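Enquirer:
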Amino acid sequence: MKKLVIIAWFFTLATTVFGQARVVINNNGFVVIDNSAFVVLANPNANALSTMGTGGNIVSEAETDVIQWEIGTTTGTYVIPWTTASGTKIPLTIAKTSAGTGATAEFILSTWETATDFNTPIPSAVNNMNYNGVDRSLFTADRFWHIDALSYAAKPNVTLTISYDPAANEIGGSNTITETNLLAQRFNTGLNHWESYNLYGTNDAANDRVTNIAITAADFFEDWILVDQTNPLPVKLLDFSADCQQNEVTISWSTATEINNNYFVVEKSYDAINFFELETVQGAGNSSVQQFYSVKDPNPLNGVTYYRLKQVDFDQATTYFNVVATKCSSGGFEVDQILFTENALSFNVINSAEEYITAYLYDYRGRIVSSETIASVDGQVAVSMDDLNLSSGIYMLSLVGEYHTFSTKLFKR
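Numbering-wise, the sequence shown is residues 595 to 1007 according to my numbering.
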């Protein structure tokens, strides 16, 4: 078997296939692009690169081992006979269905197998393989495809077919991939994350490829992977905050993209360890535009209150985001002389206004274990919650009045 090795010094002598010349690889011949070399095809026609006989192979196993095809505004179906370093054919087909704008524009093409199942080295324009701190590299094939439409004023529309090596070194090993679930996913350099709302193509596992990857000009980004569609990166959270105004907390967040997002749960805590549910908010399902959400907490704790956000997919897979905190004043109540015995809780409420107050006692799971309604007058009132029969642990006392609120955590020994 013959291999033609094309390395960098060769291209100091001849870097371009001029005019309407063609590169034809015959009878399973090899072209190996190495040491950051460029193969420049100046012929824009689809037959400028072709194979004959038993086919041909081009090996590019680094982002910088490149085919530069000066396609310009010519349309057609372009086939790059990529082959892995181990000899498995993984051709890339680019059906260019619109011209685009830019007569001297070109496609920059390369592919490479990653050194590890954690997808390193990653493309130069990519800075992560995770989402909200969760590494998803084990759900992707261990190969990148760089497909860049360069120097176009308006990029063309294309339909791709991406082939892959089904061997353990690319989709097996420590990866968690079902081959029939593989679809194409792109990295959005504008938003700096893997675009997960649109997964592209039709799975053709029988032929080790993903077909019908239809890309419009607006969607034409340069770096691509194949991902198990049951584990894309589901939600891109842009921000999450809690702000207390007039003793009421507004918890706000927004997302850049969502995929299969069923709902969010806002959770609340008095110690940043034990959380209980505050409110459930319906998600957008699938979205590629920014979504805004907010909920109100009219009963924040006295002092610092902690909040976190849980996201739940339609398949009940969950993701937790970072904890945020805010501090509110006591809101007009004062509580003193708290006594927590085995079967009772007693305390005094000092209030400057006349109002009805309901006292709630919560356990660490956020369940109400006792409540008491108080008719507070201007001054002090004694409150007792009896027959509690509670075990040792952490509890929260929350007072909700017509005008004020108060919350504090309690420890029962």
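C-beta: ideal position from N, C-alpha, C; glycine also. Just so we're clear, the structure is a prediction, and the values are computed from it rather than from any experiment.
Going by DSSP, what residues sit across from I688 in a beta bridge?
Expert: Y672, L754
Enquirer: With three or more C-beta pairs closer than 8 Å as the rule, is the region 706-714 touching the region 800-811?
Expert: no
Enquirer: State yes or no: is the C-beta of T912 within less than 8 Å of the C-beta of S881?
Expert: Annotated as distal: T912 and S881, with beta-carbon spacing of 8 Å or more.
Enquirer: Smallest Cα separation from A748: which of A719, S718, T796, A699?
Expert: For A748, the closest alpha carbon among the candidates A719, S718, T796, A699 is that of A699.
Enquirer: Bridge partners for N797 per DSSP, in chain order?
Expert: V804
Enquirer: Do the region 653-673 and the region 688-704 touch if we need at least three Cβ pairs shorter than 8 Å?
Expert: Contact between the region 653-673 and the region 688-704 is present, because at least three Cβ pairs lie under 8 Å.
Enquirer: Does the region 937-945 come within contact of the region 888-901, defined as at least 3 CB pairs closer than 8 Å?
Expert: no
Enquirer: Report the residue ranges of all beta strand (DSSP E) runs contained in full by the region 957-992; include only those spanning at least 3 residues, in chain order.
Expert: 962-970, 973-979
Enquirer: Kindly indicate which three-state DSSP category L732 falls into: helix, strand or coil?
Expert: helix
Enquirer: Starting from A615 and walking both ways along the alpha helix (DSSP H), at which residues does that stretch end?
Expert: Here A615 belongs to no alpha helix (DSSP H), and DSSP marks it neither H nor E.
Enquirer: Is the region 869-885 touching the region 809-818, taking contact as three or more C-beta pairs under 8 Å?
Expert: A contact is defined here as three or more CB-CB pairs under 8 Å, and the region 869-885 fails this definition with respect to the region 809-818.
Enquirer: Taking 8 Å as the threshold (C-beta atoms), are T691 and T753 in contact?
Expert: Between T753 and T691, the C-beta spacing is below 8 Å.
Enquirer: Can you name the start and end residues of the beta strand (DSSP E) that A640 belongs to?
Expert: It is not in any beta strand (DSSP E) - A640 carries neither H nor E in the DSSP assignment.
Enquirer: According to the neighbour-count rule (16 or more other Cβ atoms, all chains shown, within 10 Å of its Cβ), is A762 buried or exposed?
Expert: Per the 10 Å Cβ criterion, exposed.
Enquirer: Suppose you measure from the CA of L686 to the CA of T678; what does that come to, to the nearest Å?
Expert: Approximately 12 Å, taken between the alpha carbons.
Enquirer: Quick check on the burial criterion: 16 or more other C-beta atoms within 10 angstroms. Buried or exposed for F858?
Expert: buried
Enquirer: Distance, Cα to Cα, G681 vs I845?
Expert: 55 Å
Enquirer: Does the distance from the C-beta atom of I771 to that of D822 stay below 8 Å?
Expert: yes
Enquirer: What residue does the beta strand (DSSP E) around E842 start on, and which one ends it?
Expert: 842-863
Enquirer: Return the CA-CA distance between K596 and I619, expressed in angstroms with no decimal places.
Expert: Residue placement at K596 cannot be trusted, given a pLDDT of 39 that sits under 50; what the coordinates show is reported in the next sentence. Taking the straight line from one Cα to the other gives about 11 Å.
Enquirer: Can you look up D909 in the DSSP assignment and give me helix, strand or coil?
Expert: Correct three-state label for D909: coil.
Enquirer: With distances taken from CA atoms, which of D980, L955, T658, K862 is nearest F915?
Expert: The closest CA to that of F915, considering only D980, L955, T658, K862, is found on K862.
Enquirer: On the DSSP bridge list, what partners appear for N782?
Expert: H787
Enquirer: Could you pull out every residue in the same chain whose Cβ sits closer than 8 Å to the Cβ of D759, ignoring the five residues on either side in sequence?
Expert: T678, S680, T682, I684, E707, R737, I765, D802
Enquirer: Can you give me the C-alpha to C-alpha distance between T667 and R616, rounded to a whole angstrom?
Expert: Approximately 18 Å between the Cα atoms of the pair.
Enquirer: Closer than 6 Å by C-beta to S731: which residues in its own chain qualify, once you throw out the five before and the five after it? Chain order, please.
Expert: Closer than 6 Å at the Cβ level, and outside the excluded window around S731, lie F712, N713, M723.
Enquirer: Going by CA-CA distance only, name the one from K904, I853, Q974 that's closest to E873.
Expert: K904
Enquirer: How about V977 and I988: do their beta carbons lie closer than 8 Å?
Expert: no
Enquirer: Looking at the structure shown, is I765 part of a helix, part of a strand, or coil, going by DSSP?
Expert: helix
Enquirer: Measure how close the beta-carbons of G647 and N621 come, nearest whole angstrom, since I'm counting them as under 8 Å.
Expert: 4 Å
Enquirer: I need the DSSP call for V994, collapsed to helix, strand or coil.
Expert: strand
Enquirer: Beta carbon of Q884, beta carbon of S848: below 8 Å?
Expert: yes
Enquirer: Quick check on D813: does DSSP put it in helix, strand or coil?
Expert: helix
Enquirer: Between the alpha carbons of Y950 and L982, how many angstroms are there, rounded?
Expert: 23 Å
Enquirer: So N621 is in the beta strand (DSSP E); what residue range does that whole segment cover?
Expert: First-last for N621: undefined, no H or E at that position.
Enquirer: If we count the other Cβ atoms within 10 Å of its Cβ and call it buried at 16 or more, is T710 buried or exposed?
Expert: With fewer than 16 other Cβ atoms within 10 Å, it is exposed.
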